[in-house]
Amino acid sequence: MKPSVFERHMQTGIQVLLVALILWAGTELVQIGRQSAVLEERLATQGLTLHQMREELRSWNDTYYRKVDAQRELNEIESRIDNLDTRVSALESVR
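All residue numbers for the sequence shown refer to this note's numbering, where the first residue is 60 and numbers rise by one.
In structure tokens:
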């Protein structure tokens, strides 16, 4: 039994629709692949930038005087001054 003309046209329409969907899916996959490559490149660039910034920050730690270090040394100096004041006061009271 031969399919009717309507059935053949319906089958052709379905085949065309399937081919169009396959082409669309292929195009979308290619675009996603391109976007993925662009994102990978951006991530690599940002990773390199981050690495450079970390290295720069490490070099700054060697160059600049940190507040914690300054405060510690200031406390030591103030302690030494207090000790000297105590010694001077003790010497002055002896005279």
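Backbone N, C-alpha and C fix where the C-beta goes; we use that ideal spot for every residue, glycine too.
What residue range is occupied by the uninterrupted alpha helix (DSSP H) comprising Met60? Looking up residue 60 in the sequence shown gives position 1. Neither: Met60 is in no alpha helix (DSSP H) and is coded neither H nor E.
What's the C-alpha gap between Asp141 and Ala149? Within the sequence shown, numbered from 1, the residue matching residue 141 stands at position 82. Within the sequence shown, numbered from 1, the residue matching residue 149 stands at position 90. Near 12 Å, if we compare the C-alpha coordinates of Ala149 and Asp141.
Can you give the Cα-Cα distance for Arg101 and Ile136, rounded to whole angstroms? Against the sequence shown, residue 101 aligns to sequence position 42. Against the sequence shown, residue 136 aligns to sequence position 77. Cα to Cα, the separation comes out at about 50 Å.
Would DSSP call Arg125 helix, strand or coil? If you number the sequence shown from 1, residue 125 lands on position 66. Here Arg125 sits in coil by DSSP.
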